[in-house]
Amino acid sequence: MKNYNNHIALCLMAIVLCFTQMAAQEYGNALNTFVKFGSNSSIAANYEIQVAKDITLAPTARIWFSGENTFAVGGRGDFYFDRLLGLAEPWDIWAGADAGAVVSGDSNKDDFSLNLHAGVEYKFSNSFGIIFEFGGGNTSSGGIGLAFHL
1 MKNYNNHIAL CLMAIVLCFT QMAAQEYGNA LNTFVKFGSN SSIAANYEIQ VAKDITLAPT
61 ARIWFSGENT FAVGGRGDFY FDRLLGLAEP WDIWAGADAG AVVSGDSNKD DFSLNLHAGV
121 EYKFSNSFGI IFEFGGGNTS SGGIGLAFHL
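Mapped onto full-length UniProt numbering, the consecutive letters of the sequence shown carry residue numbers 1 to 150.
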């Protein structure tokens, strides 16, 4: 099962990287870092790549502070509602899903993770913003983060 999860994670990252040259950039090219709270307290990061007008894909990684899980790798997809809502800068609102392989401290407990999330970002400048995100699923939890737009 462990090798199967590793292959899924690598395939998701490869798909994301294949789309890097396909879209005019409006949302992507952002490194997002998070501190997540609750029973799944952790740090996480992802790198968003725009693949369509309102859609981004991102490879993601997460490390837990404590508990049974050690780290996770995978991918996520987000749909931005800014255009539909007529939302102007400096705000972004999105919702999406993420999936990946979770490596447990107990080597017999490795697992697959599937989560839904929604978030909002306020941009202080063209290169920096603060993120609030909420979610639910196997390993998801709410968090606060920083976005670095490259």
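C-beta atoms are modelled at their ideal positions from N, C-alpha and C, and glycine is treated no differently.
Identity of the residue in the options nearest residue i by Cα
{"i": "T70", "options": "A44, K123, I49 and A97", "result": "A44"}
{"i": "A118", "options": "G105, G137 and I63", "result": "G137"}
{"i": "E89", "options": "A95, G96 and F81", "result": "F81"}
{"i": "G143", "options": "N40, I93, N29 and G28", "result": "N40"}
{"i": "I63", "options": "Y47, K36 and D54", "result": "K36"}
{"i": "S42", "options": "L31, F65 and V51", "result": "F65"}
{"i": "F134", "options": "H149, F148 and I93", "result": "I93"}
{"i": "R83", "options": "G74, K109 and D54", "result": "D54"}
{"i": "T116", "options": "S127, F132, D78 and N126", "result": "The sequence as given places Leu at residue 116; Thr does not occur at that position. Measuring from the Cα of L116, the nearest candidate turns out to be D78."}
{"i": "S104", "options": "V73, L31 and T56", "result": "V73"}
{"i": "T56", "options": "L85, A95, L87 and G100", "result": "A95"}
Extent of the continuous beta strand (DSSP E) run through residue i
{"i": "L114", "result": "D111 to S125"}
{"i": "E133", "result": "F128 to G137"}
Local conformation of residue i per DSSP, three classes
{"i": "D82", "result": "helix"}
{"i": "N40", "result": "helix"}
{"i": "L57", "result": "strand"}
{"i": "L146", "result": "strand"}
{"i": "A88", "result": "coil"}
Beta-ladder partner(s) of residue i, from DSSP
{"i": "S66", "result": "Paired residue(s): none; S66 is not in a bridge."}
{"i": "E48", "result": "A30"}
{"i": "G100", "result": "G74 and S113"}
For residue j and residue i, believed in contact at Cβ under 8 Å, the rounded distance
{"i": "D111", "j": "T60", "result": "Wrong, their Cβ atoms sit about 16 Å apart, outside the cutoff."}
{"i": "L114", "j": "T33", "result": "About 22 Å separates the two Cβ atoms, so there is no contact after all."}
{"i": "V51", "j": "W91", "result": "Not quite, the Cβ-Cβ distance comes to about 22 Å (not below 8 Å), so this is no contact."}
{"i": "R76", "j": "N46", "result": "6 Å"}
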